[in-house]
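What follows is a single structure, written as structure tokens, with notes after it.
Numbering (this note's numbering), first residue to last: 123 to 467.
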């Protein structure tokens, strides 16, 4: 292809999303991937696009809200361009409430959500009635209508197809890299940035997840005592995930995942006999600030960073793509202060 207007290193969710956003604006895009599309944690299983709790509002929560509200139309445009379904659906989420104090707090958050979520979604307390709904010690659940799901691997395939449909290239590094370069290289990228700047900028946190055979495509996802249970549209339910700071092998599943599967079966009887189709482990990039890390690479003219998606990368992707395309292509900076690379310096 002709000299690119943007070179993206890394074919995970941030890299491909930004490449797509640039391509749809007419930029010539090249994505460099040294392994394969979704080689890092973006190639995982869970795909829970869930909001932070309404209340104690900050720029991270506001950014995430914008991104979640953008997501349906954004992914529909990707799918229409590629002809591949990303598996997006806004099916909501249920969470049991442990005691009366939690019920009162949830009701107060519902009132805050009425204002903060701008009438586009609700956070409400509803009675638990059984079936797919989880047991609740109080008999009450939180139901939010903002949460959505996506199939991570299908979503990456849809993005890759959309980029190529707009004339973009995705392939290995041939050594001829020119023009603006955006680094979206996950845990390895955070390590490289830390080495370059001489201070810890983040690192990898191991996660493990599993995919079960259970057909419930229209049901809401569940969040039970730290467990994510996410029905997908292809006859599977993804469950996850662990958060591990120490490990011997980042890509190997072990007893921690088996314990998680047992907890899910106990918490959700509908999955008690479901076959485990796949087990997965990988490193999720966590920036030192715990927010996504976006902006120019300090001291490197024409180089940029989009990293630190950690557990919320897919949910943040539509707006991350927008603000990074604004920055790199138009030199318009709309990055929140807490997301800036400099916030960790």
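The beta carbon of each residue, even a glycine, is placed where N, CA and C say it ideally should be.
So is residue 294 buried or exposed if we call it buried at 16+ other beta carbons inside 10 Å?
Walking along the chain shown from the start, residue 294 turns up at place 172. Classification of residue 294: exposed, given that the 10 Å Cβ count is below 16.
May I have the straight-line CA-CA distance separating residue 321 from residue 327, to the nearest angstrom?
As a position in the chain shown, residue 321 is number 199, starting the count at 1. As a position in the chain shown, residue 327 is number 205, starting the count at 1. Distance between the alpha carbons of residue 321 and residue 327 is about 18 Å.
Pick from 350, 461, 310 and 344: whose alpha carbon is nearest that of residue 264?
Here residue 264 refers to the residue found at position 142 when the chain shown is read from its first residue. Selected option, being the one with the closest Cα: 344.
Write down the C-beta distance between residue 346 and residue 389 rounded to the nearest angstrom, noting that I regard them as a contact closer than 8 Å.
Sequence index remark: in the chain shown, residue 346 carries index 224 (1-based). Sequence index remark: in the chain shown, residue 389 carries index 267 (1-based). Contact holds; Cβ gap of about 5 Å.
Can you look up residue 292 in the DSSP assignment and give me helix, strand or coil?
Position 170 of the chain shown, counting from 1, holds the residue named residue 292. Strand at residue 292.
Looking at C-alpha atoms only, which residue of 165, 246, 288 and 244 is the closest neighbour of residue 432?
The residue you call residue 432 lines up with position 310 of the chain shown. Of the listed residues, the one whose Cα sits closest to residue 432 is 165.
Among 434, 176, 151 and 453, which has the Cα closest to the Cα of residue 417?
Within the chain shown, the letter at position 295 stands for residue 417. Closest option to residue 417, Cα to Cα, is 453.
Just confirm the distance between the C-beta atoms of residue 538 and residue 289, as a whole number of angstroms; I'd bet it's less than 8 Å.
This structure gives no information on residue 538, because the portion of the chain shown stretches from 123 to 467.
Quick check on the DSSP output: what are the complete alpha helix (DSSP H) runs of length 4 or more inside the segment 222-252, in order along the chain?
Within the segment 222-252, the complete alpha helix (DSSP H) runs of at least 4 residues are 222-238.
Identify which residue in 351, 256, 268 and 250 has its Cα closest to the Cα of residue 244.
Stepping through the chain shown from its first residue, residue 244 is reached at position 122. The shortest Cα separation from residue 244 among 351, 256, 268 and 250 belongs to 268.
Using a Cβ-Cβ distance cut-off of 9 Å, determine whether residue 416 contacts chain B.
As a matter of chain content, chain B is missing from the structure shown, which is built from one protein chain.
Does the structure place the segment 169-182 close enough to the segment 306-319 that three or more beta carbon pairs sit under 8 Å?
Judged by Cβ distances under 8 Å, the segment 306-319 makes no contact with the segment 169-182, as fewer than three pairs qualify.
Where does the unbroken alpha helix (DSSP H) through residue 440 begin, and where does it stop?
Counted from its first residue, the chain shown places residue 440 at position 318. Where residue 440 is concerned, the enclosing alpha helix (DSSP H) stretches over 435-452.
Go ahead and pull the three-state DSSP assignment for residue 219.
Here residue 219 refers to the residue found at position 97 of the chain shown. Correct three-state label for residue 219: coil.
What are the start and end residues of the beta strand (DSSP E) that includes residue 185?
Locating residue 185 in the chain shown gives position 63, counting from the first residue. Here residue 185 belongs to no beta strand (DSSP E); instead the alpha helix (DSSP H) covers 181-204.
Taking the beta strand (DSSP E) that residue 404 belongs to, which residues open and close that run?
For the purposes of this step, residue 404 is taken as the residue at position 282 of the chain shown. Here the beta strand (DSSP E) through residue 404 covers 398-409.
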